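Here the numbering used here runs 1278 ahead of the position in the sequence shown, where the first position is 1.
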Amino acid sequence: MRKILGVAFILLVLTGIILAQTISPNERKEKMPKILVVYYSHSGNTREIANVLKDLTGGDIFEIQTTTPYPVEYSAIVEQVRKEKSSGVKPKIKSGFAGSKDYDLVFLGSPCWFGTIATPVETFLSEQDFSGKTIVPFITHGGSGLGNSARDISVLQPSANVVSGKAFSRGSLSSAQKEIADWLASFL
Ligand SMILES: Cc1cc2nc3c(=O)[nH]c(=O)nc-3n(C[C@H](O)[C@H](O)[C@H](O)COP(=O)(O)O)c2cc1C
């Protein structure tokens, strides 16, 4: 299944490239895949990657924010998220997202929390509809990599094409610009 979604994603991007080479600038503007970078970040790592992705793709960007900020201190936020997970109560997030209708390709960013996407991203996905959109997860982490992120995004958005995505270690963010450029080039 992942393979099929991956191929669909590559075809979408290739279509964009072919259109870019064969049509006028105005037609190109209308037919190029429209890109959104949407992310949540607690301590800034995922924001850093999101901004590079925005710059390199020329897409729009949206930050998911909780209505009440999490504690800054590590053990306090871990405790709070642990409670959210055991109670099943998701954090509330600020409104303001205009919906996915204008986009074809969505880069969805999150820190890895407990081996998967952060709970504010779960809230966001449970409130929005990305049916028919291609979602590319990007995850920053302290060692777990992507974990179960792609699977859990698919559970919350069963009608989206969720591709496997890319993990960025928080220890090597300084080289992320090149890593992101190489990653984009590998499927463009
Ligand atoms: C509540 C919480 C849970 C975390 N769980 C994991 C985890 O399971 N695996 C991991 O590799 N890193 C984990 N981390 C570390 C973050 O994924 C990592 O620091 C990330 O880059 C933070 O991104 P941000 O700066 O965008 O918030 C956790 C951090 C927090 C605050």
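Glycine included, every Cβ here is placed at the ideal spot set by N, Cα and C. Please read these numbers as outputs of a predicted model, since none were measured by experiment.
Residue i classed as buried or exposed, judged by whether at least 16 other C-beta atoms fall within 10 angstroms
i     : result
D1430 : buried
S1378 : buried
P1349 : exposed
P1398 : buried
Y1381 : buried
V1433 : exposed
P1347 : exposed
K1372 : exposed
P1389 : buried
Assigned secondary structure, residue i (DSSP; H/G/I helix, E/B strand, else coil)
i     : result
A1459 : helix
G1449 : helix
D1380 : coil
L1289 : Residue confidence is low: L1289 scores 46 on pLDDT, short of 50, so the model does not pin down where it sits. No coordinate-derived value is stated.
E1351 : coil
K1361 : helix
I1282 : In this predicted model, I1282 has a pLDDT of only 46, less than 50, meaning its place in the structure is not dependable; the value taken from the coordinates is given anyway. Looking at I1282 - three-state DSSP - the assignment turns out to be helix.
Residue from the options with nearest C-alpha to residue i
i     : options                    : result
L1383 : H1320, F1446, G1336, A1445 : G1336
S1409 : A1438, L1386, A1328, S1388 : A1438
A1459 : R1325, D1333, L1403        : D1333
V1441 : P1311, G1423, F1385        : F1385
Q1455 : L1314, G1322, N1329, P1311 : N1329
Y1352 : R1360, T1346, P1436        : R1360
T1401 : I1313, K1312, H1320, V1367 : V1367
Of all residues in the structure, which have a C-beta closer than 7 angstroms to any heavy atom of ligand 1, taken in chain order? Residues lining ligand 1 by the Cβ criterion, that is a Cβ closer than 7 angstroms to any of its heavy atoms, are S1319, H1320, S1321, G1322, N1323, T1324, R1325, Y1352, I1355, V1356, V1359, P1389, C1390, W1391, F1392, G1393, T1418, H1419, G1420, G1421, S1422, G1425, R1448 in chain order.
List, from N- to C-terminal side, the beta strand (DSSP E) runs of 3 residues or more that fit wholly inside the segment 1399-1451. Those beta strand (DSSP E) runs which fall completely within the segment 1399-1451 and span 3+ residues are 1412-1419, 1444-1447.
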